[in-house]
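Dropping the structure here:
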């Protein structure tokens, strides 16, 4: 695994299990049902004089009702499915990094942190994976069995970015490690170049759950 107080390999581990605390998904909104108004032909008036042989007058309504202009109709809307590429078994959450809105896979237990992005070739619609701890810890990541290069950002106990490292895939031991210089609360892995426009000190705030594993 690697040096540091805690090895958190991409793929990584930590002594702390951190249960995710997330808000429930907002309920869906149902549009009103179709409202149809029937139009009927008014009854025919009876003649002033009626003989015994005269047939009774009948009123006939059209078989098909016609809806007037402006009648509301029922439509069905559906949200597109979230594409997570090869990332499976992780809770998906929203997050904000400065002014940017993110979709992230959440690794907040020892087993999830140890697996990380091993074997992943595509992130789909995800911006990356966030590793979270309840309390700040010293960590060291590695890239064993990781198939794509990644950048990792380390965030302190206040959620402020203090370091960004470029990591390369490793298929054979010994694999290099990428330790944090100080304790971290979050570590965010993303594709190379993700942090190019993110200044040090930018805050990461985790949001609500949008998909469960």
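Numbering (the working numbering), first residue to last: 2 to 214. We put the CB at the ideal spot given by N, CA and C, even for glycine. Predicted model, so just to flag it, every value in this text is computed and none were measured.
{"Check": "Using 10 angstroms around the beta-carbon of residue 181, count the other beta-carbons present and answer buried if the total reaches 16, otherwise exposed.", "Outcome": "buried"}
{"Check": "CB-CB under 6 Å to residue 195, same chain, minus the five flanking residues each way: which ones, in chain order?", "Outcome": "152"}
{"Check": "Decide if the stretch 106-123 is in contact with the stretch 165-174; the criterion is three or more beta carbon pairs, one per stretch, under 8 Å apart.", "Outcome": "no"}
{"Check": "Sorted by chain position, which residues of the same chain lie with C-beta nearer than 8 Å to residue 211's C-beta, five sequence neighbours on each side aside?", "Outcome": "26, 83, 93, 94, 95, 104"}
{"Check": "Going by beta-carbon coordinates alone, are residue 166 and residue 179 separated by less than 8 Å?", "Outcome": "yes"}
{"Check": "Cβ of residue 205 within 8 Å of Cβ of residue 189?", "Outcome": "yes"}
{"Check": "Can you grab the Cα-Cα spacing for the pair residue 124 / residue 135, in whole Å?", "Outcome": "25 Å"}
{"Check": "Using the rule of at least 16 other Cβ atoms within 10 Å of the residue's Cβ for burial, across every protein chain shown, is residue 88 buried or exposed?", "Outcome": "buried"}
{"Check": "By Cβ distance, which residues of its chain are closer than 6 Å to residue 86, with the 5 residues on each side in sequence left out?", "Outcome": "123, 124, 125"}
{"Check": "Can you round the beta-carbon distance between residue 91 and residue 132 to whole angstroms, since I take them to be within the 8 Å contact cut?", "Outcome": "No, residue 91 and residue 132 are not in contact; Cβ-Cβ is about 11 Å, not under 8 Å."}
{"Check": "Which residue comes first and which comes last in the alpha helix (DSSP H) that contains residue 115?", "Outcome": "111-116"}
{"Check": "Looking only at DSSP bridge pairs, what is residue 167 linked to?", "Outcome": "152"}
{"Check": "Alpha carbon to alpha carbon, what distance is there between residue 150 and residue 193?", "Outcome": "7 Å"}
{"Check": "By a C-beta neighbour count over all protein chains shown, 10 Å radius and 16 as the cutoff for buried, is residue 116 buried or exposed?", "Outcome": "buried"}
{"Check": "For the beta strand (DSSP E) containing residue 143, list its first residue and its last residue.", "Outcome": "140-143"}
{"Check": "Quick test of your reading: residue 130 and residue 164, contact by CB under 8 Å. State the CB separation rounded to the nearest angstrom.", "Outcome": "Their Cβ separation, rounded to whole angstroms, is 17 Å, which puts residue 130 and residue 164 out of contact at 8 Å."}
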